Amino acid sequence: MSEPILSIRGLTKTYRNGPRALDNVDLDINPGEIFALLGPNGAGKTTLIGAVCGLVRPTGGTITAFGHDLARDWRRARARIGLVPQELATDMFETVWRAVAYSQGLFGKPYNAARIEEILKSLSLWDKKDAQIRALSGGMKRRVLIAKALAHDPELLFLDEPTAGVDVELRKDMWEQIAALKERGVTIILTTHYIEEAEGMADRVGIIQGGRIRMVDEKRAMMERLGTTEAVIALASPLASVPESLAGFGATLSEGGTRLTYRGGNGEGKGRAEVAQLAQALTRAGIGFTSLDIHDSSLEDIFVGLLGEREAA
Amino acid sequence: MHFNPRSGFAIYQREMARAFRTAFQSILSPVLTTSLYFVVFGSVIGARMEPVGGVPYGAFIIPGLLMLTILGETTSNASFGIYMPRFTGTIYELLSAPVGVAETLAGFVGAAATKGLILAAIILATARLFVEYEIAYPLLAAFYIMLVAASFALFGFILGIWADSFEKLGIIPMLILTPLTFLGGTFYSIRDLPQPWDAVALANPIAFLVSGLRYAFYGVSDVPIGLSLGLTLGFLTVCTIIIAVIFRTGWRLRE
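Written as C-alpha cells, this is what we have:
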C-alpha cells in the first residue's frame, strides 16, 4: 500500500461559542482514489474540508498532505490541492476565461492559454468563455468553479457537494468529468447528499456524524459487511409455521402465514444465492408461491441504518 | 520571506481590471468632483483671495485637494477590494491558494496605490486647466504621493477586513478621513488659525500629510517636511504590522 496522500490525525475544531465541529478526526486518503465523505447536515464535512484547504483554523491535531505539514509547509501543500466549494462563490462580473486565468496565476502557475482552453472544452464551457459568469445558469456556474479549481492542475481535489442544485443530465455529465479526473490520476474527496453518487463513483466511503468519523471502509467491503438482501415471498396457501426444511434460511412468516420474508446475505450476491436456494427448497417441500420480490440494500440503506443506530445509542 | 510574483500579479491584474470595469465610479467620478473644487475654490473664489505664504490661493489648495482624493479613493478601493470577496464568499480561493501576506498586499494594496497614482496624475493635469502652478520638488512630490497612497491602501485593507457591513465600510472614509482632511489645512494654512486652534489643528494627523505635500509642491509648509515623512512612514509600518498579525491569526479571514 502506498503512502497516504493526505493524513489527518486528531483533528479537532471548536468554533467560538459554538459546538465542536470536528472531534479528534483521524483519516488517511490514498493516492488516486475517489473518497466519498457522507454525513447529515452539520456533521462536519465542510469544516473538515475547510481545515485542509486553509479556510478553517483547526483547534488541534495535524494535517499532512504530500508529506508536508500544513501548519508549517502550507505553501507547497496548497499548490497541489484544489477546492470546489459548496456555495456558488464567483466574481459575477468576470468572464469565464478571466476567472480561470486568475485562478491559474493565483496558484503560482504561468499563464497557459492552451491549458485553460483544454479545461473549458472538457467542461463544455468553451462557447461561454467570454460570457460574464452572472449570465450563466447555476449548473454552468458550478462548472466554472470546477474549471477554476483545475486551473493549477491539482493532484488532490476537494469537491464539496459538486452536484448540489444541478439537474439530472448535468449531474451525470459531472460524474463523467470526475471519472475522467480519476483516470488522470487526480485524488478526489467529495461530499455529497446524493448517496447514489457515492455508491456509483467512490472507491472508499467515510461516514461522519457529530464531528466524528463513524466508519471508513472500501465501498465494496462496507456493502459486503453491512449490506443485506430482503426477499418477500407471497405463499399460495398460508403456513402455520416455517417448516423444518427451511429453518436454516432464517426466514420468518407474517400476514397470517401468507408472507415468508428472508433477510440476509452481504449485499454482494450471497443473499440472492440464498434466496434462489430458498425458492428451490420451497418447491422441493411442495409449498407453492405466487410472487417473489427481492431488494438489495443500497449504500443509502446502510448509511441511514448506521446513523439511526448511532442516534438511538 | 517567501514571495510568489505570479500570485501577487494575478491579484493586482484582477484588481486593476475591476477598476477599469468600473472606470466611471473609480476614476471619472473623483476627477469630476475634484475639478469642481478647482473651478469653485481655485478659479472663481480663488481669484479674489490673497496668496497664502506667497502661493496664489488657487495653487495653494491643489496639494490639499489631491490629498483629499488620494486618501479617500485609496482607502475605499483597498477596503472594497478585500471586503467584497469576504462578502460574496470568493475569498475561499485566496485562502486556499499558496498565497501569503506579501502576495496579497502586493496585489490588493499595489492596485489600490496604483489607482491612487493614476487619479493624482489625472487631477494634476485637470488642475492645469483652471489654475497655474509649478511643482518645486517633483520627485519628492511623486515619492510622497506614492508613500501616502500605499499607506492608506494598507489602512483601507485593514478596514475591509474589520468591516462586517457596507455601512461600516463607508464610515471611516466619510466620517473621519474627509472631515479631517478638510480641517487639516486643505483650504487654509494652519499657521493662520487663531490660538489655540492652530495647536489643536496639529492634533489632526492629516494636517501633517497635507503640509508635507504642500512642501513638495511649493517649498512652504506648516510643519517640517521631515516630520510629515516620518509620520507617514510610521503609519505605513504600523499598518503593515497589523496586517501581518491579521494574517498570522486569521482574524476575520479564517473561521
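Protein chains in written order, with the working numbering: chain A, 1 to 313; chain B, 1 to 255. Idealized CB from N, CA, C, for every residue including glycine. Note that the structure is a prediction, hence the values are computed from the model and not measured.
Cα-Cα separation, residue i to residue j
i	j	result
residue 180/A	residue 202/A	13 Å
residue 124/B	residue 32/B	12 Å
residue 262/A	residue 229/A	8 Å
residue 85/B	residue 91/B	5 Å
residue 150/A	residue 235/A	57 Å
residue 148/A	residue 103/A	6 Å
residue 64/B	residue 253/B	35 Å
residue 254/A	residue 260/A	7 Å
residue 168/A	residue 52/A	30 Å
residue 188/B	residue 47/B	15 Å
residue 226/B	residue 78/B	27 Å
residue 262/B	residue 255/B	Given that chain B is displayed from residue 1 to residue 255, the structure contains no residue 262/B and the question cannot be resolved.
residue 62/A	residue 24/A	10 Å
residue 175/B	residue 183/A	58 Å
residue 239/B	residue 27/B	25 Å
residue 186/B	residue 108/B	28 Å
residue 226/A	residue 256/A	30 Å
Status (buried if at least 16 other CB within 10 Å, exposed otherwise) for residue i
i	result
residue 274/A	buried
residue 249/B	exposed
residue 211/B	buried
residue 121/A	exposed
residue 152/A	buried
residue 2/A	exposed
residue 247/A	exposed
residue 30/B	buried
residue 90/A	buried
residue 143/B	exposed
residue 161/A	buried
residue 238/A	exposed
residue 283/A	exposed
residue 318/A	In the structure as shown, chain A starts at 1 and stops at 313, and residue 318/A therefore has no counterpart that could be examined.
Contact check, residue i vs residue j, beta carbons under 8 Å
i	j	result
residue 182/B	residue 243/B	no
residue 95/B	residue 55/A	yes
residue 4/A	residue 34/A	no
residue 97/A	residue 127/A	no
residue 7/B	residue 82/A	no
residue 229/B	residue 205/B	no
residue 87/A	residue 89/B	yes
residue 208/A	residue 42/A	no
residue 148/B	residue 62/B	no
residue 191/A	residue 45/A	yes
residue 215/B	residue 55/B	no
residue 173/B	residue 75/B	yes
residue 213/B	residue 67/B	yes
residue 158/A	residue 189/A	yes
residue 79/A	residue 98/B	yes
residue 266/B	residue 9/A	Because chain B is modelled from 1 through 255, residue 266/B falls outside the range shown and cannot be assessed.
residue 82/B	residue 160/B	yes
residue 321/A	residue 31/A	Within the shown structure, residues of chain A are numbered from 1 to 313, placing residue 321/A beyond reach of any answer.
residue 190/B	residue 177/B	no
residue 84/A	residue 37/A	no
residue 110/B	residue 247/B	no
residue 53/B	residue 220/B	yes
residue 231/A	residue 242/A	no
residue 93/B	residue 11/B	no
residue 235/B	residue 151/B	yes
residue 281/A	residue 245/A	yes
residue 272/A	residue 294/A	yes
residue 127/B	residue 133/B	yes
residue 107/A	residue 134/A	no
residue 27/A	residue 264/A	no
Chain D contact for residue i (CB, 8 Å cutoff)
i	result
residue 114/A	Structure shown: chain D not included; protein chains present are A and B.
### Query
What are the residues of the stretch 74–94 of chain B that lie near chain A, defined by any Cβ-Cβ distance shorter than 9 Å?
84, 85, 88, 89, 90, 91, 92, 93 and 94
### Length at least 3, wholly inside the stretch 76–110 of chain B: the beta strand (DSSP E) runs in chain order
none
### Message
To be precise: take each residue of the stretch 181–215 of chain A, compare its Cβ to all Cβ atoms of chain B, and keep it if any distance is under 9 Å. Which residues remain?
### Response
none
### Query
Going along the stretch 94–108 of chain B in order, which residues come within less than 8 Å of chain A, judged by CB to CB distance?
94, 95, 96, 97, 98, 99 and 100
### Message
Which complete beta strand (DSSP E) runs does the stretch 153–182 of chain A hold, if anything under 3 residues is left out?
### Response
156–160
### Message
Under 8 Å, CB to CB, which of the residues in the stretch 49–66 of chain A have a partner in chain B?
### Response
50, 53, 54, 55, 56 and 57
#### Entry: Length at least 4, wholly inside the stretch 226–291 of chain A: the alpha helix (DSSP H) runs in chain order
270–284
### Message
By the 9 Å beta-carbon criterion, what residues does the stretch 126–150 of chain B contribute toward chain A?
### Response
none
### Task
Run through the stretch 186–230 of chain B for me and flag every whole alpha helix (DSSP H) of 4 or more residues, listed as ranges in chain order.
197–201 and 205–218
### Query
Mind pulling the alpha helix (DSSP H) runs of 4 or more residues that sit fully within the stretch 32–100 of chain A?
45–53 and 74–78
### Message
So if I threshold CB-CB distances at 7 Å, which residues from the stretch 22–42 of chain B count as touching chain A?
### Response
none
### Message
What are the residues in the stretch 229–250 of chain B lying within 8 Å of chain A by C-beta distance?
### Response
250
### Query
Along the stretch 6–39 of chain A, what residues have a CB closer than 8 Å to any CB found in chain B?
15
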